[in-house]
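Only one structure is covered here, and it is reproduced in the block below.
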Amino acid sequence: MILPRLIIADEHRPGKVPAGIMIATVLKEMGYKLRLFMGNADESSIRLLQVLCGQPVTLLDPVLCDGRANLRWLFQSVASTDCLNLVLTNLGGRWSEDSAFRIPKECSLLVDYLECELVPVVYSDMSSTITVRTITEVLRQFENLGRDCIHSIMFRSILNYREYELVDREVGRKTSAISLGSIPKSMERDLPLLSDLCSAGAKHAVFPLLSASRQLKGVDQMVSWGLFNAIAKADPEWKLQPRLCDQITDAGKVNIAVVRHPALMLGGDGTEHLMRTLGCNVVEVPLEGAISHSVPIHGVYIPHGMSFLVSQNFFKNLYLKTMLTRGGSGSSFLLAEGGSAPLLGDRISLPPGYGQEEERGFNLLPYDSAFKAMTMGAPHKAVAVSRKQNPLLVGSQENLSGYMSSNLSIVASDPNDDCWTLKEGPQGREIGTDAWCRGRVLATRMRIEPWSVPASFLRWLEG
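Here the sequence shown is numbered in the numbering used here, starting from 763 and rising by one per residue.
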């Protein structure tokens, strides 16, 4: 099986738009068919990529997927043989100019699990000596891991073409990697606010980025655009990953409504892909606008996002309001995860600057929620360990991976109502409790990764 695939890994700079997003945007505009993946839980990059490229993005985090087989099954379920399957991730960075370059675990695992080329994009806004040192350190670390995966590199934030020639020549003397080009410093942009990307004015918020990407596309000989696709097609043949569990008993007859709105797309579309892989029909239900389907609905999924921006829309949408109220009996599948979990609780405290101080949820589950000031920061990854009987995890040997935002807190009226204990890892320290359920209704502050426990997710769907 041929699955053209490529990883683009950016040297991390807080607050800056990753070069991989600019590259994906230009390739999309040039007419390349893309399948887009984000290799680490970076919500700003996921949403920005969705807006700029106008298509879904799948989170492909190897730590959250909890294993090679799980991630490979996810990837092959979403990837396409006639597309450039592009994975964007974080290459890491230095704490200071003199410290060692640190590559995240997610980046090295992606190369191992996907068995493909990685193109590092490194900053060259200081001396060529530092740039060359960064490249050689990155190459050495992957070689020490036994992975010969880097044969091409890119630079960014170069002041002018003369500087690029100097850096390119120096890197060519020290390594065997070829350069795919550079992104000038003049085209570097700051990340827009996440709240702006989730609003109706998202297109306006990304206009400076669209402008920069079109400039980059139009600059002659700045980037070798055709080589990205060529490198991806040169990857080894994909070894088919066997299914990790069967489909549901009534495959093709179970319809799950997925609530759609730009504010509810921060976790990617991986959960919907697992539902399809397990034999469900995913029915997209817009939070705003007319309902266009006429099939019976057997469950509702409210994806992770900034639900406080659209909470009143749920009460105005009579169709969704009716489904959620009926689902509160616990007889049908109902999942609200991450930033959407407050909708199923009672009181919701809003962050500063969003009008009124408090709103009400549907009061299907016994807890109150509070959104804090929306600040930038990496999501906190965690593992859920079953504390008692609940609809998703059964027994002490089942662990569910996910991540959560520090900007949301949930407090239950009864401290014994929660479903599982959160740990920093299967053997790590406890960091609290989470999740509330009633029958097959589940709300959790985590953006769960069901691909880490596909068999458990199947059992939950079947009821």
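Using N, Cα and C, we set each Cβ at its ideal position, and we do this for glycine too.
{"Item": "Nearest CA to the CA of Leu814: which residue from Arg951, Lys795, Lys790, Leu821?", "Value": "Lys790"}
{"Item": "Compare the beta carbon distance of Leu1112 and Ile1064 with 8 angstroms and say whether it is the shorter of the two.", "Value": "no"}
{"Item": "Starting from Asp1196, follow the beta strand (DSSP E) in both directions and report where the run begins and ends.", "Value": "1192–1196"}
{"Item": "Roughly how many angstroms separate the alpha carbons of Gly1190 and Arg924, rounded to a whole number?", "Value": "50 angstroms"}
{"Item": "If we call anything under 8 angstroms between Cβ atoms a contact, is Val1173 one with Tyr1116?", "Value": "no"}
{"Item": "Got a sec, what are the start and stop residues for the alpha helix (DSSP H) Arg931 sits in?", "Value": "923–936"}
{"Item": "Contact between the stretch 897–915 and the stretch 857–865 is defined here as three or more beta-carbon pairs at a separation below 8 angstroms; is this criterion met?", "Value": "yes"}
{"Item": "By Cβ distance below 6 angstroms, which residues in the same chain neighbour Val819 in space, the five residues on each side in sequence not counted?", "Value": "Leu798, Met800, Ile808, Leu811, Gln812, Gly1030"}
{"Item": "Are Asn1161 and Ala1146 closer than 8 angstroms when you measure CB to CB?", "Value": "yes"}
{"Item": "Based on DSSP bridge pairs, tell me the residues matched to Asp772.", "Value": "Asn852, Val883"}
{"Item": "Quick check: the stretch 1180–1198 against the stretch 1076–1096, are there 3 or more CB pairs under 8 angstroms?", "Value": "no"}
{"Item": "Please state whether DSSP places Thr707 in a helix, a strand or coil.", "Value": "There is simply no residue 707 to check, as the chain begins at 763 and stops at 1225 in what is shown."}
{"Item": "Between the C-alpha atoms of Leu1002 and Ile1010, what's the straight-line distance to the nearest angstrom?", "Value": "21 angstroms"}
{"Item": "Using 8 angstroms as the cut-off, can you tell me whether the stretch 816–832 makes contact with the stretch 978–989, which would need three or more C-beta pairs spanning the two stretches below that distance?", "Value": "no"}
{"Item": "Quick check for students: name the residue ranges of the alpha helix (DSSP H) that lie wholly in the stretch 1077–1142, counting only runs of 4 or more.", "Value": "1080–1089"}
{"Item": "With 8 angstroms set as the bound, which would you pick, yes or no: does the beta-carbon of Val840 sit closer than that to a beta-carbon of chain B?", "Value": "Any reference to chain B falls outside this structure, which holds one protein chain only."}
{"Item": "CB-CB under 7 angstroms to Gly1164, same chain, minus the five flanking residues each way: which ones, in chain order?", "Value": "Leu826, Ala1144, Ala1146, Met1208, Arg1209, Ile1210, Glu1211"}
{"Item": "Could you work out which residue in Pro1048, Asp930, Ala803 is closest to Thr891 when comparing CA atoms only?", "Value": "Asp930"}
{"Item": "Does the Cβ-Cβ distance between Arg1200 and Phe1095 come in under 8 angstroms?", "Value": "no"}
{"Item": "Can you tell me where the alpha helix (DSSP H) with Lys790 in it begins and where it stops?", "Value": "781–791"}
{"Item": "Rank Gly934, Met1037, Gly1032 by C-alpha distance to the C-alpha of Lys1015 and give the top, closest one.", "Value": "Met1037"}
{"Item": "May I ask which residues mark the beginning and end of the alpha helix (DSSP H) holding Trp1222?", "Value": "1216–1224"}
{"Item": "Quick check on Asp910: buried or exposed, where buried means 16 or more other Cβ atoms within 10 Å of its Cβ?", "Value": "exposed"}
{"Item": "Whole angstroms is fine: what's the gap from Cys845's alpha carbon to Asp997's?", "Value": "13 angstroms"}
{"Item": "Does DSSP put Trp987 in a helix, in a strand, or in coil?", "Value": "coil"}
{"Item": "Quick one, are the C-beta atoms of Ser889 and Phe917 less than 8 angstroms apart?", "Value": "no"}
{"Item": "What residue does the alpha helix (DSSP H) around Met1208 start on, and which one ends it?", "Value": "No alpha helix (DSSP H) holds Met1208; DSSP gives it neither H nor E."}
{"Item": "Return helix, strand or coil for Leu1006, following the three-state DSSP convention.", "Value": "coil"}
{"Item": "If Asn1017 sits next to Glu1050, beta carbons under 8 angstroms apart, how far is it from one beta carbon to the other, in whole angstroms?", "Value": "The Cβ separation is near 21 angstroms, so there is no contact."}
{"Item": "Considering only DSSP beta bridges, list what Arg864 is partnered with.", "Value": "Gly855"}
{"Item": "For Ile783 and Lys995, I'd like the C-alpha separation in whole angstroms.", "Value": "20 angstroms"}
{"Item": "Could you tell me whether the Cβ atoms of Gly854 and His774 are closer together than 8 angstroms?", "Value": "yes"}
{"Item": "Can you tell me which residues form a DSSP beta bridge with Phe837?", "Value": "Phe837 is not bridged to any residue."}
{"Item": "Tell me the DSSP secondary structure of Thr898 in three-state form.", "Value": "helix"}
{"Item": "For Met1068, which three-state DSSP category applies?", "Value": "coil"}
{"Item": "When the Cα of Arg895 is compared with those of Gly934, Glu927, Leu921, Asp874, which residue comes out closest?", "Value": "Gly934"}
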